[in-house]
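Undergrad:
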Amino acid sequence: MNPTPRVALIGAGIAGLSCAAQLQQAGLEVSLFDKSRGAGGRMSTRRGDGWQCDHGAQYFTARHPDFRAEVARWQQAGVAALWAPRLWLFDGDSPAGRESTVERFVGSSALSAYPP
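Residues in the sequence shown are numbered consecutively from 362, following my numbering.
1) To the nearest angstrom, how far is the alpha carbon of R424 from that of A381?
2) Is the beta carbon of Y420 closer than 8 Å to that of E391?
3) Can you list, in chain order, the residues of its chain with a C-beta nearer than 6 Å to that of S379? Leave out the 5 residues immediately preceding and following it.
4) With DSSP collapsed to three states, give me the class of P477.
5) Just reading off the alpha helix (DSSP H) that F466 is part of, what are its end residues?
6) If you count every other CB in all the chains shown that lies within 10 Å of the CB of A373, and 16 or more means buried, which is it?
7) Here's a check: name, in chain order, each residue in its chain whose Cβ is nearer than 7 Å to the Cβ of S469, leaving out the five neighbours to either side.
8) First and last residue of the beta strand (DSSP E) that includes S392?
9) Note the first and the last residue of the continuous beta strand (DSSP E) segment covering A441.
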């Protein structure tokens, strides 16, 4: 009987967390290591007395089909949502509203609330 393969990942940012999820789905045992107190990396959340603030990435995009599938899982878990910003283009004289052609996503509660 072969033991379950074990993998150690360094870095619990969005790339490390996404990699860990894929490896776990493939049946591997994954251990994540990070220098910070919690997961999230550049998409982490700082908390204080009665406040929280996402820092680093204010939003993120998902273009690759595999990453889009992962983001869909985050949306189903309630920790990510589609963001439809009102964008303005400044051409030197006056601002003009512009439709966004890129889907942008934000954290629904806190960016570091990555689903298990």
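Just so it is clear, CB atoms sit at the ideal spot from N, CA and C, and this is done for glycine as well.
For clarity, every value in this text was computed on a predicted model and none was experimentally measured.
TA: Checking against the coordinates, here is how it stands:
1) Looking up residue 424 in the sequence shown gives position 63. Looking up residue 381 in the sequence shown gives position 20. Straight-line Cα distance between these residues: approximately 19 Å.
2) Residue numbering aside, residue 391 sits at position 30 when the sequence shown is read from its first letter. Residue numbering aside, residue 420 sits at position 59 when the sequence shown is read from its first letter. What sits at residue 391 in the sequence shown is Val, not Glu. The answer is no: Cβ separation not under 8 Å.
3) What you label residue 379 is simply residue 18 of the sequence shown in a count that begins at 1. Closer than 6 Å at Cβ, skipping near neighbours: E431.
4) Locating residue 477 in the sequence shown gives position 116, counting from the first residue. Confidence at P477 is low in this model, with a pLDDT of 48, below 50, so the placement of that residue is unreliable and no value is reported for it.
5) Taking the first residue of the sequence shown as 1, we reach residue 466 at position 105. Careful: F466 lies outside any alpha helix (DSSP H), inside the beta strand (DSSP E) at 465-468.
6) Position 12 of the sequence shown, counted from the first residue, corresponds to residue 373. Under this definition A373 is a buried residue.
7) By one-based count along the sequence shown, residue 469 stands at place 108. Closer than 7 Å at Cβ, skipping near neighbours: G439, V440, A441, A442.
8) Along the sequence shown, one-based indexing puts residue 392 at 31. First-last of the beta strand (DSSP E) with S392: 390-394.
9) Position 80 of the sequence shown, counted from the first residue, corresponds to residue 441. From DSSP, the beta strand (DSSP E) with A441 extends over 441-444.
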